[in-house]
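Residue numbering for the sequence shown follows my numbering, starting at 93 and increasing by one per position. By construction, the Cβ of each residue, glycine as well, lies at the ideal position given by its N, Cα and C atoms. Here's the structure we're looking at; comments come further down.
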Amino acid sequence: MTDQTQTTPAPALAPSFDEAPLPAETPAAAAAPTAEGEAPASTLAQLEDEGDVAADYIEEFLDICDLDGDIDIEVRNGRAYLSVTATGDTNLRVLSRPDAVQALQELTRLAVQTKTGAFSRLILDIGGSRDARESELAQLVDRAIERIEEGATSASLPPMSSYERKLVHDMVGERGFVSESRGEARERHTVITRG
93 MTDQTQTTPA
103 PALAPSFDEA
113 PLPAETPAAA
123 AAPTAEGEAP
133 ASTLAQLEDE
143 GDVAADYIEE
153 FLDICDLDGD
163 IDIEVRNGRA
173 YLSVTATGDT
183 NLRVLSRPDA
193 VQALQELTRL
203 AVQTKTGAFS
213 RLILDIGGSR
223 DARESELAQL
233 VDRAIERIEE
243 GATSASLPPM
253 SSYERKLVHD
263 MVGERGFVSE
273 SRGEARERHT
283 VITRG
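Take a look at the structure:
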């Protein structure tokens, strides 16, 4: 009897939050072009599967850390969203710090990629961290617009992820101003001007 072992190459590391490809760029999506020849976005079933894999990973992580949390999975805007919440006084707030959420999101995306073979654009929220960050971004936008209304020609915001810049662009547009992203890599930031 011959012992045959087959090795498969390890999947490439998941791209960073700013570099995650669109669902149409994933290998599975690229393999099935539509009638018009365009690659379709991830299907609802693929995103739900991604959410399930991510939820299993987060649940195991919470068990290892001896933390309690409820995990909700939602699919919207072509992404799987995982929200981890807890009732009562728990240590979950330690994980809800922005740097901890970002790191755990990257690990979760890597786990999903390892299991499914496709890049993940999953968004992770722990203890309301995304809502808190969105509120902080709204305050930054308000202050920047105040500076412009007081006479400044433009206002620059600090560097942030592509997801946060997208939120900022939406907020700025809703207020009747114009924004654009400038800079490269970790220095990429948003500049706001009059419309």
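Burial state of residue i (16 or more Cβ within 10 Å)
i	result
residue 259	buried
residue 262	exposed
residue 152	exposed
residue 136	exposed
residue 219	buried
residue 180	exposed
residue 98	The predicted model places residue 98 with a pLDDT of 39, which falls under 50 and marks its position as unreliable, so this point remains unresolved.
residue 241	exposed
residue 129	Note that residue 129 scores a pLDDT of 37, beneath 50, so its modelled location is shaky; the value from the coordinates is reported in the next line. So residue 129 counts as exposed.
residue 270	exposed
residue 235	exposed
residue 344	In this structure the chain extends from 93 to 287, so residue 344 is not present and cannot be described.
Nearest neighbour of residue i, chosen from the options [CA to CA]
i	options	result
residue 176	164, 183, 185 and 168	164
residue 279	253, 171, 137 and 225	253
residue 139	185, 190, 211 and 158	211
residue 247	283, 217 and 277	283
residue 142	157, 214, 198 and 191	214
residue 146	167, 159 and 158	167
residue 286	267, 189, 174 and 226	267
residue 189	230, 245 and 222	222
residue 160	229, 191, 183 and 169	183
Close-in-space but distant-in-sequence residues of the same chain around residue i (CB under 7 Å, 5 per side omitted)
i	result
residue 232	249
8 Å CB neighbourhood of residue i in its chain, flanking five on each side removed
i	result
residue 196	150, 153, 187, 216 and 218
6 Å CB neighbourhood of residue i in its chain, flanking five on each side removed
i	result
residue 172	139, 142, 143 and 214
residue 238	none
Any non-hydrogen atom of the ligand HEM within 7 Å of residue i CB
i	result
residue 209	The ligand HEM is not among the ligands present in this structure, which contains no ligands whatsoever.
* Every unbroken beta strand (DSSP E) within the segment 140 to 227, with a cutoff of 3 residues, ordered by chain -> List check, beta strand (DSSP E) in window: 162 to 168, 171 to 177 and 215 to 218.
* Asked: Do the segment 199 to 219 and the segment 139 to 150 meet, that is, are 3 or more Cβ pairs less than 8 Å apart?
  -> Result yes; three or more Cβ-Cβ pairs closer than 8 Å.
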